[in-house]
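Each position in the sequence shown, counted from 1, maps to that position plus 244 in the numbering used here. Glycine included, C-beta positions come from ideal geometry on N, C-alpha and C. In what follows, a structure is listed as structure tokens, so that the remarks can point back to it.
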Amino acid sequence: MSWGTELWDQFDNLEKHTQWGIDILEKYIKFVKERTDIELSYAKQLRNLSKKYQPKKNSKEEEEYKYTACKAFLSTLNEMNDYAGQHEVISENMTSQITVDLMRYVQELKQERKSNFHDGRKAQQHIETCWKQLESSKRRFERDCKEADRAQQYFEKMDADINVTKADVEKARQQAQLRHQMAEDSKAEYSSILQRFNQEQWEYYHTHIPNIFQKIQEMEERRIVRIGESMKTYAEVDRQVIPIIGKCLDGIVKAAESIDQKNDSQLVVEAYKSGFEPPGDIEFEDYTQPMKRTVSENSLSSSKEGKPELKFGGKSRGKLWPFIKKNKLVSLLTSPHQPPPPPPASASPSAVPNGPQSPKQQKEPLSHRFNEFMTSKPKIHCFRSLKRGLSLKLGATPEDFSNLPPEQRRKKLQQKVDDLNKEIQKETDQRDAITKMKDVYLKNPQMGDPASLDHKLAEVTQNIERLRLETQKFEAWLAEVEGRLPARSEQARRQSGMYDGQTHQTVTNCAQDRESSPDGSYTEEQSQESELKVLATDFDDEFDDEEPLPAIGTCKALYTFEGQNEGTISVVEGEMLSVIEEDKGDGWTRIRRNEDEEGYVPTSYVEVYLDKNAKGS
């Protein structure tokens, strides 16, 4: 089957058909190109989706990814990122193996088609020219024959006419002969052109056109084969990434199978375990017997203000009361909560007759302070921890993380120690590098001045020493926490039992007082006196072994200060005192005059001389 023999007269239709084939190929190229754009867009959206749900660095979300479920989700995000990469590979391969090749092939195909049909049109034009020549010679031969016939008829007419001269007859005869000769020449030319045209026509229909159409047929068949191969490549490009996509999906399945609910539960315990023991049972308090209480002028609570009264009954007292001495508790509850007054304008106290006054504040009943302290969270177990807790309410975070429960505090301290060790290692490596560079400079002075590195080396050494002191400080706190964690629960149980016994004794004493009263009444003053005795006994028993805060330096009073507010202490200009706690940023410094006389003074009223060794320890 050949287009040259079967379709020898369908030149125009073949031209249309081959153009349609090129349009189909260009349409397929456009389809593949749009598919590559979709793959790129899909891959970009997948990457953006994976990036959107990735945990942010140095954020709370990053800490949540320690759980196996979150780790599996993170693995899923990473696998989806790889999955998106495979779609990018599909787009790249389709572009390079299909789109680019087909676009180049289309250009070649158009050029080949143009050349073939140009040859066909050239052959058509040649045969048409031959046909025109044949028609022209044919018409000339026909005209010459007619002219010869007319000339012959005219000669015969002239010859038959007796009135015509002999000269005119001869002239007519010569004209007839000339016309006959011209007709013969036209006949010969027409015969020659006809023979040549027939030869050209045979070659056109049996040689030129079949050859041209055969080339066009081969071109069209190559186009069909090429588009089929492109479709196979289209499928192969997808098939090549299927194993890798399968691995990505297998990775997601493996990550899902790695989820361990027990491990996550244990991580929750480690994250939120406080280390406290559960509270003990609360004993029954009998209110069936009416108890009439009268408020004494010397009671801890003020009846005018209507504040809740302080009660020490029940087993929960051992849990609520912090482990601090009486004088420390009173100092805490009466410590100033307002900014210190500014120093006087004059250097002499005589400019201010009565001296600067401490800030005035409305005094609250001591029982209200007790209740507010007992219900504060977290529970604080020493005066310094309590002061840190008060500063935490103002927005400051304690350096030793004492505001956290024991177990969480231990983790924070351990993390801080690890971070400091990393910094020490980093500074040590830097020191070693500087030392090696200095040795190189000593051996080769032309490379640099060794003395120029002394300042940097001293700075790095100082940083290492500072970091080591910080590490020792946090390690000491860590050792303290780790040492107290197992023993504290037993101590809490002993205190709970001790407070139970004391509570029972207090209730018994109250009952006896009520029975021994002439009218059977029970006064508030008697109850509070007995409760304060129990409280004092509790605090003295618990904290007789606690040492007072050591002095960290001395100070000299620059002005006279009358400590009229609770928690403050009066000083006289020029007086030397011991500093036991420096200014924490609130404008107050804690000082001690004697072993038992302590209080706060404004930092601007004293000149502090801190002991470096005591401060560093």
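Sequence-distant residues of its chain with Cβ nearer than 7 Å to residue i (five each side left out)
| i | result |
| --- | --- |
| residue 372 | none |
| residue 855 | 796 and 797 |
| residue 721 | 644 and 657 |
| residue 347 | 273 |
| residue 517 | 651 |
| residue 903 | The structure shown does not extend to residue 903, since the chain spans only 245 to 861, so no value can be given for it. |
| residue 261 | none |
| residue 748 | Residue confidence for residue 748 is low, a pLDDT of 41 falling below 50, so the modelled location carries little weight; the figure read from the coordinates is stated next. Closer than 7 Å at the Cβ level, and outside the excluded window around residue 748, lies no residue. |
| residue 341 | 477 and 481 |
| residue 485 | 330, 333 and 334 |
| residue 691 | 684 and 685 |
Presumed contact (8 Å Cβ cut-off) between residue i and residue j, rounded CB distance
| i | j | result |
| --- | --- | --- |
| residue 294 | residue 321 | 5 Å |
| residue 677 | residue 508 | The pair is not a contact, with the Cβ atoms about 43 Å apart (cut-off 8 Å). |
| residue 489 | residue 316 | Not a contact, Cβ separation roughly 19 Å. |
| residue 398 | residue 416 | 6 Å |
| residue 437 | residue 355 | Actually they do not touch by this definition, with Cβ atoms about 37 Å apart. |
| residue 395 | residue 419 | 5 Å |
| residue 350 | residue 462 | Not confirmed; about 17 Å, so no contact. |
| residue 802 | residue 819 | Not a contact, Cβ separation roughly 10 Å. |
| residue 653 | residue 646 | 7 Å |
Selection from the options that minimises the alpha carbon distance to residue i
| i | options | result |
| --- | --- | --- |
| residue 289 | 329, 718 and 314 | 329 |
| residue 510 | 409, 465, 500 and 311 | 311 |
| residue 296 | 324, 526, 278 and 446 | 324 |
| residue 839 | 794, 508 and 412 | 794 |
| residue 723 | 409, 650 and 264 | 650 |
| residue 459 | 281, 437, 430 and 353 | 353 |
| residue 307 | 447, 818 and 515 | 515 |
| residue 367 | 446, 662 and 808 | 446 |
| residue 309 | 512, 830, 837 and 814 | 512 |
| residue 679 | 702, 668 and 667 | 702 |
| residue 279 | 436, 410 and 332 | 332 |
| residue 370 | 442, 476 and 421 | 442 |
| residue 821 | 808, 812, 835 and 811 | 835 |
| residue 831 | 837, 812 and 819 | 812 |
| residue 706 | 675, 727 and 379 | 675 |
| residue 700 | 672, 689, 727 and 444 | 672 |
| residue 663 | 653, 691, 642 and 711 | 711 |
| residue 492 | 255, 266 and 326 | 326 |
| residue 669 | 642, 709, 691 and 681 | 709 |
| residue 383 | 430, 374 and 411 | 430 |
| residue 255 | 648, 654, 453 and 245 | 453 |
| residue 725 | 690, 667 and 648 | 648 |
| residue 719 | 519, 374, 661 and 689 | 661 |
| residue 381 | 408, 440 and 405 | 440 |
| residue 245 | 406, 457 and 281 | 457 |
Residue i - partner residues in DSSP beta bridges
| i | result |
| --- | --- |
| residue 823 | 797 and 835 |
| residue 843 | 835 |
| residue 854 | 797 |
| residue 805 | 815 |
Proximal residues to residue i (C-beta, below 8 Å), its chain only, five neighbours per side dropped
| i | result |
| --- | --- |
| residue 833 | 799, 823, 825, 826, 827, 844, 845, 846, 847, 850 and 852 |
| residue 427 | 385, 388, 389, 391 and 392 |
| residue 449 | 252 |
| residue 403 | 413, 416 and 417 |
| residue 298 | 318 and 321 |
| residue 474 | 272, 276, 342, 345 and 346 |
| residue 268 | 471 |
Neighbourhood of residue i by C-beta, 6 Å cutoff - its chain only, sequence neighbours within 5 removed
| i | result |
| --- | --- |
| residue 300 | none |
| residue 265 | 464 and 467 |
| residue 423 | 391, 392 and 395 |
| residue 842 | 836 |
| residue 604 | Confidence at residue 604 is low in this model, with a pLDDT of 40, below 50, so the placement of that residue should be treated as unreliable; the coordinate-derived value is given next. Excluding sequence neighbours, residue 604 sits near nothing in its chain. |
| residue 598 | Legend: pLDDT at residue 598 = 41, less than 50; position of this residue unreliable, value from coordinates given subsequently. Around residue 598: no qualifying Cβ. |
| residue 530 | none |
is_contact[residue i, chain C] using C-beta, thresh 8 Å
| i | result |
| --- | --- |
| residue 447 | The structure shown contains no chain C; it holds only a single protein chain. |
Taking three-plus beta-carbon pairs below 8 Å as touching, is the stretch 675-685 in contact with the stretch 693-705? Short answer: they touch.
Pairs of beta-carbons, one from the stretch 330-339 and one from the stretch 517-529, closer than 8 Å: are there three or more? Fewer than three pairs of CB atoms, one per stretch, sit closer than 8 Å, so the stretch 330-339 makes no contact with the stretch 517-529.
Mind the definition here: the stretch 464-474 touches the stretch 360-379 only if three or more C-beta pairs lie below 8 Å; say whether that holds. A contact between stretches requires three or more CB pairs, one per stretch, nearer than 8 Å, and the stretch 464-474 fails this requirement with the stretch 360-379.
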